[in-house]
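Only one structure is covered here, and it is reproduced in the block below.
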Ligand code: BGC
């Protein structure tokens, strides 16, 4: 009996221990951690699993969702019993109909292929937004007369009494222009530049905040201040402003639930009061902010404020185009301190932040009332060491602060942002020190998912510059640049960079949202405007003139998101837009299938040799060639998308279309010897990348490309369209060494030339600043433009070898590419299944390859050595390892399959 008890106890202990070995983590709903304000009836759940041992695969899972954290049966809305499925990413909710404005708690547990069962995961939650438009009881409120350019910020306020104790409170809010909402004296939430930027005429995001701790029984005040933002401010060129409207407005509803279960609503309506006699005298995205602290309203956001001088608001009607926030909220992400404060030869006082950053400065200052401090922002100093703002074009990027004279004052703007490294300070009372200045870095809050590093400090700085280019230009919309009078969602730039972006950060929600704006702004005939949201054509314009390589973002970006996140619904949602784009081109190209006149921008900013250089051709690529190549490429992606969505009819139609374009293309542009188009690098790159050549010409064409690169002494000549694919085409065709030569080239034109010149972000042009420190044409010379940063994708995918071979990284392809030019390179990436690592290093006369494969995924590992017998893993010969299957030698490389785990391979190096 005693021994039976002991055995039972031992079994119990081991079962518990065993189950603890397997656990579930990182629960997300619609790619987000504990989202509040989903307006989706069928949200999708994802999780990651981990456990001891290798080769872990999920075999089943169970999910429960309830309106209480205890998961009591009466509150359970979905109980998915053990479901035999390996899927752990984006699993569709299938419980009872979700209520509006309701919080749901959920948990998941999993079973694995080792016979283990996890415990229920930690509880995560999601909360629905206002699922039914009729639930909006609030009215738009505006301030009478507030319709002029550069008007002072309107403030709105309302007091209310709550009779009972508050159990919970939620606010649903949006605005025309920017809003900052306050309850009882405190700002609501930590987001900035809300409500973000969408195609406002068609889609306007509202935010939901849990404000339970902010409201109290008794007297309360809710208040808001508005800024011009993308809605009314200056946007695009030619003195354009008020693209979406001239009146700023607020729409807000606050729902309070008392402890006795009853509810009350506080909404914007004609009982609110307004004033624009506050401190923000002017605010504008391009031009900055003027703040007069002597006019600061004190107590305006608290109950008991004297509303004398405040006016009645007017209410306004707008069609309800509200959507719950879909993107990643914009936040203050980090703070940096100046590295230097100095005087220029002309005596100007300059702060050097050490990093080309986007956001604003927080200023700490003390002085007499009425003292005016001015901050001007710039990316670079000129060759004379003076402050340089000409490349900002018409954007003033100026902050003017008038002191209240009340002792130490701290100020930071809220309705503008600047792209800058240097700040010119005038009028500062006393001595300016680093203590007075803090750089506030602002961008969409996307989780950092990737890292790449190598033995080259220059290459590491390039990676840093790519990441900072992404930070500065992912401000709710993927913009071209963050500083001059532009900052628009340029489509060509976004398609070039989206894959790299998806390595560095989690851009799933960011692109899901932006692509819907693309669909919304796509014109009747399928034209994709150059920028999204479309502010270059008249609002409600039914046509636009698109450009090849720009409009193709409609197809390339959804496909990329599907590849990276395994998210089919992006494809589903975007499919009509993708198809409309391809059909638009088909109509334009006509039966000849050559898209004449389809490329407005060509291979934008390709290399031009310096004047007086008569020996070197420029990198020009014929525009119709580009247009036709992209036509083919988009058709082939569309065919693939159709296949994924089970639309076999379209799959056939667009596969046929692709094949026909390919024939025409070969006839028109390819010689029998394999010379292509204008023989520019981009001609070869596009033809090879988009699979437009007959098999037997590929090697010959690749050789011509390599000859051209060598003829330029290992330099590139490509622009926005060719550059992202250049190194891929080389490595795909056996010229990884040439790709490394290009990547590590330090002289112009190259990726490392700007790095050598001190760049801290990616430049718009290969020669933004010349070797003599003079600048390129100020009309188009941004120092923070991510497009050429698209090389990051090659660094992750090829140099470190971290690649997916199935959508969403379920099956990995890990194939590091060692080179004699570096000592090591390695990358890490947070995939939907967990952390993936891949990389290589030299160790004496050996190469060491280290990889990490997360649970519930597997990998094909390709080791660049032909000799399987000489490969070991953690010191043991490959053939003695059971973890690996399918070991074969193919194309001079050992290929094998592995399940989850960390593996360290070693083999004798043949690299000289
Ligand atoms: C933008 C680009 C964009 C281009 C199109 C420029 O003004 O800054 O990045 O793609 O126009 O020609």
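Numbering (my numbering), first residue to last: 502 to 1413.
Cβ coordinates follow ideal geometry from the N, Cα and C atoms, glycine included.
I need the boundaries of the beta strand (DSSP E) containing residue i, first residue and last residue.
i, result
"residue 1167", "From DSSP, residue 1167 is part of no beta strand (DSSP E) but of the alpha helix (DSSP H) over 1149 to 1170."
"residue 1046", "Premise fails: residue 1046 is in no beta strand (DSSP E) and is neither H nor E."
"residue 866", "850 to 866"
"residue 1312", "1312 to 1315"
"residue 1190", "Here residue 1190 belongs to no beta strand (DSSP E); instead the alpha helix (DSSP H) covers 1182 to 1190."
"residue 1107", "From DSSP, residue 1107 is part of no beta strand (DSSP E); its letter is neither H nor E."
"residue 944", "938 to 945"
"residue 919", "919 to 927"
"residue 841", "841 to 844"
"residue 831", "831 to 837"
"residue 954", "951 to 955"
"residue 823", "823 to 825"
"residue 1011", "From DSSP, residue 1011 is part of no beta strand (DSSP E) but of the alpha helix (DSSP H) over 1009 to 1022."
"residue 537", "537 to 539"
"residue 641", "641 to 643"
"residue 1127", "Residue 1127 -> not in any beta strand (DSSP E); alpha helix (DSSP H) instead, spanning 1124 to 1145."
"residue 911", "910 to 912"
In the DSSP output, what is residue i paired with across the bridge?
i, result
"residue 658", "724, 774"
"residue 566", "579, 607"
"residue 715", "Residue 715 pairs with nothing; no bridge assigned."
"residue 669", "758"
"residue 813", "774"
"residue 1220", "In DSSP, residue 1220 forms no bridge with anything."
"residue 677", "750"
"residue 529", "547"
"residue 1304", "1314"
"residue 524", "551"
"residue 1409", "1347"
"residue 486", "Since the first residue shown for the chain is 502 and the last is 1413, residue 486 is missing from the structure and cannot be characterised."
"residue 613", "559"
"residue 618", "612"
Taking the CB atoms as reference points, tell me whether residue i and residue j lie closer together than 7 Å.
i, j, result
"residue 1062", "residue 1131", "no"
"residue 822", "residue 704", "yes"
"residue 1317", "residue 1350", "yes"
"residue 1004", "residue 951", "yes"
"residue 656", "residue 982", "no"
"residue 1024", "residue 1044", "yes"
"residue 779", "residue 677", "no"
"residue 1352", "residue 1408", "no"
"residue 971", "residue 1002", "yes"
"residue 1053", "residue 1034", "no"
"residue 948", "residue 999", "no"
"residue 967", "residue 1293", "yes"
"residue 1122", "residue 1183", "yes"
"residue 475", "residue 876", "The question about residue 475 has no answer here: the residues shown for the chain are numbered 502 through 1413."
"residue 985", "residue 893", "yes"
For residue i and residue j, which I take to be in contact (beta-carbon distance under 8 Å), what is that distance rounded to the nearest angstrom?
i, j, result
"residue 849", "residue 888", "6 Å"
"residue 1055", "residue 1032", "Not really, about 13 Å apart at Cβ, beyond 8 Å."
"residue 548", "residue 566", "Actually they do not touch by this definition, with Cβ atoms about 13 Å apart."
"residue 673", "residue 631", "6 Å"
"residue 916", "residue 679", "5 Å"
"residue 689", "residue 834", "With a Cβ gap of about 19 Å, residue 689 and residue 834 do not count as contacting."
"residue 665", "residue 772", "Wrong, their Cβ atoms sit about 21 Å apart, outside the cutoff."
"residue 853", "residue 922", "7 Å"
"residue 1249", "residue 1267", "6 Å"
"residue 709", "residue 831", "In fact, because the Cβ distance is near 16 Å, the residues do not count as touching under 8 Å."
"residue 774", "residue 812", "7 Å"
With respect to the alpha helix (DSSP H) encompassing residue i, which residues constitute its N-terminal and C-terminal limits?
i, result
"residue 1246", "Looking at the DSSP string, residue 1246 is not in any alpha helix (DSSP H), and its letter there is neither H nor E."
"residue 878", "Note, residue 878: premise wrong, no alpha helix (DSSP H); beta strand (DSSP E) at 873 to 879."
"residue 1203", "1196 to 1212"
"residue 651", "First-last for residue 651: undefined, no H or E at that position."
"residue 900", "No alpha helix (DSSP H) contains residue 900, which is instead part of the beta strand (DSSP E) from 899 to 903."
Query raised in the report: What are the uninterrupted segments assigned as alpha helix (DSSP H) that are 4 or more residues long and contained completely in the region 721 to 801, given in chain order?
Result: 730 to 733
**Report entry** Contained beta strand (DSSP E) runs [length at least 3] in the region 1324 to 1406, N- to C-terminal order
**Finding:** 1325 to 1332, 1335 to 1344, 1347 to 1354, 1359 to 1364, 1386 to 1391, 1394 to 1399
**Report entry** Sequence ranges, beta strand (DSSP E) only - wholly within the region 1068 to 1105, length at least 3
**Finding:** none
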